[in-house]
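Colleague:
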Amino acid sequence: MSRFRAAALAFAAVVFAAVVAPLPAVAADEVNVYTYRETKLVQPLFDAFTKDTGIAVNVISASSGLEQRIKAEGANSPADVLLTVDIGRIDEAVAAGVTQPIKSAVIDEIVPARYRDPDGHWAGISMRARVIYASKDRVKQEAITYEELADPKWKGKICIRSGQHIYNNALFAAYVAKHGEEKAEAWLRGLKANLAQKPSGGDRETARDVAAGKCDLGIGNTYYWALMLKDPDKKAWADATRVILPTFEGGGTHVNLSGVLLAKNAPNKANGVKLIEWLAGEKAQQIYADANYEYPIRPGVPLNPTIAGYGRLTADSLPIARIAAQRKTASTLVDKVGFDN
Ligand SMILES: [Fe+2]
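Those letters in the sequence shown? Residues 17 to 357, per the numbering used here, in order.
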């Protein structure tokens, strides 16, 4: 039994007894990945990695609690690499103390500094932007700023999910980082006043509500629109809307990351770094772009045609670490202005 499998079986015992039995020695050519990403999205990547390198990839996929799990497993954790989405989750993993710096000249070379942790604990591997799904029928303007979302001309016309959801938390944190807390609060009050309904649902539901005429602008991530277009049940929501890439005044479009972290006690550390570097390679980046509808982190990799159809993305230049530093302030402001009420 591999160390990974043994650990998987022992997980319940680890959690409930907080005692970790010694595990068998590490097999030479494997790497253990804990991920919040859906298996069907990441398996093609891991299969290609194994084919290229001969290193087997063991995957544990979960929708929550992976940091706690690595923490509970302690020094005996089989986790090598944590693959996750959004700076919120990336930040939580670092805060949980379950990571170590990724020391890689390859990553430093490929991944722009603003998409990496200054201390090396995380690196972005692909990007998504937080954009507008605008009604094709009712919205005529081509460009929009995030600031403008608080303009009273949109009163009763905007739909958005909870202000505390990690995607909005990062957008609002970016606003705080750009304009300061006071202006961010005023903006949030203005945005709140423009909502057509109480924040609810997910990003796809904002497109659904635009399609149903409940609002004119929905806020959502870039990949959801592409997913809706391919989903027979939701294609009508995409068809009723078009994606506008908003920008900050004098800046670019807010992007967030899917990222990689190296586990603190990675038993296969060298293989973990190898996988991280491979994920930034051309082949993996192309798979990310096409299978996940994300923006490649590596310059020069072609976009998926649907994503390219949104127009040219000018990502905002604010380093993601500076956005992460304002997450708490953004969350406090959301409560203060009663955004979700
Ligand atoms: Fe998502």
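The beta carbon of each residue, even a glycine, is placed where N, CA and C say it ideally should be. All figures in this text were calculated on a predicted structure; none of them were measured in a lab.
Near Asn361, which residues of its chain fall below 7 Å by C-beta distance, leaving aside the five closest residues on each side in sequence?
Modeller: Because the chain in this structure spans residues 17 to 357, residue 361 falls outside the shown range and cannot be described.
Colleague: Going residue by residue through the stretch 113-145, where are the continuous alpha helix (DSSP H) segments of at least 4 residues, counting only ones entirely within it?
Modeller: 121-126
Colleague: Under a three-way DSSP split, which group does Glu158 fall into?
Modeller: Position 142 of the sequence shown, counted from the first residue, corresponds to residue 158. Three-state result, Glu158: coil.
Colleague: One question on the structure: do Val97 and Val155 come within less than 9 Å of each other, judged by their Cβ atoms?
Modeller: By one-based count along the sequence shown, residue 97 stands at place 81. By one-based count along the sequence shown, residue 155 stands at place 139. No.
Colleague: Around the Cβ of Asp135, are there at least 16 other Cβ atoms within 10 angstroms (buried) or fewer (exposed)?
Modeller: Walking along the sequence shown from the start, residue 135 turns up at place 119. With fewer than 16 Cβ atoms within 10 Å of its Cβ, Asp135 is classed as exposed.
Colleague: Per the DSSP calculation, Ser46 is bridged to which residue(s)?
Modeller: Walking along the sequence shown from the start, residue 46 turns up at place 30. Rather than Ser, the amino acid found at residue 46 in this sequence is Glu. Beta-bridge pairing links Glu46 to Ala72.
Colleague: Just how far apart, CA to CA, sit Asp255 and Gln157?
Modeller: Position 239 of the sequence shown, counted from the first residue, corresponds to residue 255. Position 141 of the sequence shown, counted from the first residue, corresponds to residue 157. Asp255 and Gln157: Cα-Cα distance of roughly 17 Å.
Colleague: Decide yes or no for the touch test of the stretch 263-282 against the stretch 138-148: beta carbon pairs closer than 8 Å, at least 3 of them.
Modeller: yes
Colleague: Roughly how many whole angstroms lie between the Cα atoms of Gly172 and Gly218?
Modeller: Along the sequence shown, one-based indexing puts residue 172 at 156. Along the sequence shown, one-based indexing puts residue 218 at 202. Their backbone Cα atoms lie some 19 Å apart in a straight line.
Colleague: Pull up the CB-CB distance for Trp138 and Gly354, whole angstroms please, since I reckon it's below 8 Å.
Modeller: Within the sequence shown, numbered from 1, the residue matching residue 138 stands at position 122. Within the sequence shown, numbered from 1, the residue matching residue 354 stands at position 338. Contact flag wrong, Cβ pair sits at about 33 Å.
Colleague: What is the DSSP secondary structure of Pro168, reduced to helix, strand or coil?
Modeller: Here residue 168 corresponds to residue number 152 of the sequence shown, with the count starting at 1. Residue state, collapsed to three classes: helix.
Colleague: State the CB to CB distance for the pair Ile260 and Ile160, rounded to an integer number of angstroms; the pair is presumed to be in contact (CB under 8 Å).
Modeller: The residue labelled residue 260 in the question sits at position 244 within the sequence shown. The residue labelled residue 160 in the question sits at position 144 within the sequence shown. Sure, about 6 Å apart at Cβ, within 8 Å.
Colleague: Measuring only the C-alpha atoms, how far is Ala340 from Ser333?
Modeller: Here residue 340 corresponds to residue number 324 of the sequence shown, with the count starting at 1. Here residue 333 corresponds to residue number 317 of the sequence shown, with the count starting at 1. Their Cα atoms are separated by approximately 14 Å.
Colleague: Could you give the first and the last residue of the continuous beta strand (DSSP E) run that contains Ser274?
Modeller: Taking the first residue of the sequence shown as position 1, residue 274 is located at position 258. It spans 271-279 - the beta strand (DSSP E) in which Ser274 sits, taken as one unbroken run.
Colleague: Could you round the C-beta distance between Asp45 and Ala72 to whole angstroms and report it? I think they count as a contact, below 8 Å.
Modeller: As a working note, residue 45 is residue 29 in the sequence shown. As a working note, residue 72 is residue 56 in the sequence shown. Under the criterion of beta carbons closer than 8 Å, Asp45 and Ala72 qualify as touching, at roughly 6 Å.
Colleague: What residues in its chain sit with their C-beta under 7 Å from that of Ala252, if we drop five residues either side in the sequence?
Modeller: Locating residue 252 in the sequence shown gives position 236, where the first residue counts as 1. Ala227.
Colleague: Comparing the CB of Val58 with every heavy atom of ligand 1, is any distance shorter than 8 Å?
Modeller: Sequence index remark: in the sequence shown, residue 58 carries index 42 (1-based). Val58 Cβ: outside cutoff for every heavy atom of ligand 1.
Colleague: Leaving out five residues on either side along the sequence, give the residues of the same chain with a beta carbon under 6 Å from the beta carbon of Tyr50.
Modeller: To locate residue 50, count along the sequence shown from 1; it is residue 34. Answer for Tyr50: Ile76, Leu82, Ala95, Leu98, listed in chain order.
Colleague: One question on the structure: do Asn357 and Lys214 come within less than 9 Å of each other, judged by their Cβ atoms?
Modeller: On the sequence shown, residue 357 is found 341 positions in, with the first residue counted as 1. On the sequence shown, residue 214 is found 198 positions in, with the first residue counted as 1. Yes, they are a contact pair.
Colleague: With a 10 Å radius around its C-beta and 16 neighbouring C-beta atoms as the bar for buried, classify Asp351 as buried or exposed.
Modeller: Numbered from its first residue, the sequence shown carries residue 351 at position 335. Answer is exposed; the Cβ neighbour count stays below 16.
Colleague: Who are the near neighbours of Glu197 in its chain, counting only those whose CB is closer than 8 Å to its CB and skipping five residues on each side?
Modeller: Here residue 197 corresponds to residue number 181 of the sequence shown, with the count starting at 1. Answer for Glu197: Thr345, Leu349, listed in chain order.
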